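Residue numbers (our numbering): 1 to 184.
Single-structure report; data block below.
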Amino acid sequence: MKIVDPAGGGVAEITGSGVLDGPLYGASFGKSVKRFFAKYAKFAGRASRSEFWWSQLFVFLVMVVPYLVTTVGLVASIAWAQQNPNVQSMGFDPATGQEVFYEAPPGVVNAPTGSLMVVGFILVAVLGLALLVPQLSLLWRRLHDANLAGPLALVGLVPLVGGLIVFVLALMPTKAEGRRFDPR
1 MKIVDPAGGG VAEITGSGVL DGPLYGASFG KSVKRFFAKY AKFAGRASRS
51 EFWWSQLFVF LVMVVPYLVT TVGLVASIAW AQQNPNVQSM GFDPATGQEV
101 FYEAPPGVVN APTGSLMVVG FILVAVLGLA LLVPQLSLLW RRLHDANLAG
151 PLALVGLVPL VGGLIVFVLA LMPTKAEGRR FDPR
């Protein structure tokens, strides 16, 4: 069965053949995730909007748990640190002869829940690094489908506005001219 490219009448994917060259229009969640990992570091070609956004939903769902673990650990550690100040002696006041103390927070990492925060942070870092290349290659191919140059994905590195610009570019519709990025 052939799926027709809505932008130009070309074949987008031949199902059952294992060919992953063309974009998959009308992709389901499962197929998008499968292609996300199958095309792990493939920057050539195109990716449809459905393929891109379903994969972004998958990445969001995968990253929710580590972020929640980190947040819960941080909030609990901050609350513990505020309730358990570290009282230390500064010495004796020469005028009165009494010992002088000061209170300092013990730090959030030293809290009993500090390890939860650290484990969550490590999970965020490891998963983030593992998903960085496939996300970048998918965005690169998505930009190709909109007939934009893949390196525009690097605009996301611009502070404050870069992420918003990349978001808008990823929303752009498919253009037939994008076929120029297909593998030959």
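Note that CB positions come from ideal geometry on N, CA and C, so glycine has one too.
What you are looking at is a predicted structure, and each value in this text was computed from that prediction instead of being measured.
query, result
"Collapsed DSSP secondary structure at Gln88 in the structure displayed", "strand"
"Cβ neighbour criterion (16 or more within 10 Å) applied to Phe52", "buried"
"Secondary structure of Leu100, DSSP reduced to three states", "Sequence inspection shows Val at residue 100; the Leu mentioned does not correspond to that position. Of the three classes helix, strand and coil, the one that applies to Val100 here is strand, per DSSP."
"Assigned exposure category for Arg49 - 16 Cβ within 10 Å defines buried", "buried"
"Arg46, DSSP secondary structure in three states", "coil"
"Where Phe36 falls, given that 16 or more other Cβ within 10 Å makes a residue buried", "buried"
"Cβ-Cβ separation, Glu99 to Pro85 (assumed contact under 8 Å), whole Å", "In fact, because the Cβ distance is near 17 Å, the residues do not count as touching under 8 Å."
"Beta-carbon gap between Ala170 and Arg142 smaller than 7 Å", "yes"
"Alpha-carbon spacing of Pro94 relative to Pro106, whole angstroms", "28 Å"
"Rounded straight-line distance, which links the Cα of Lys34 to that of Val133", "15 Å"
"Cβ pair count under 8 Å reaching 3, the region 107 to 115 against the region 59 to 78", "yes"
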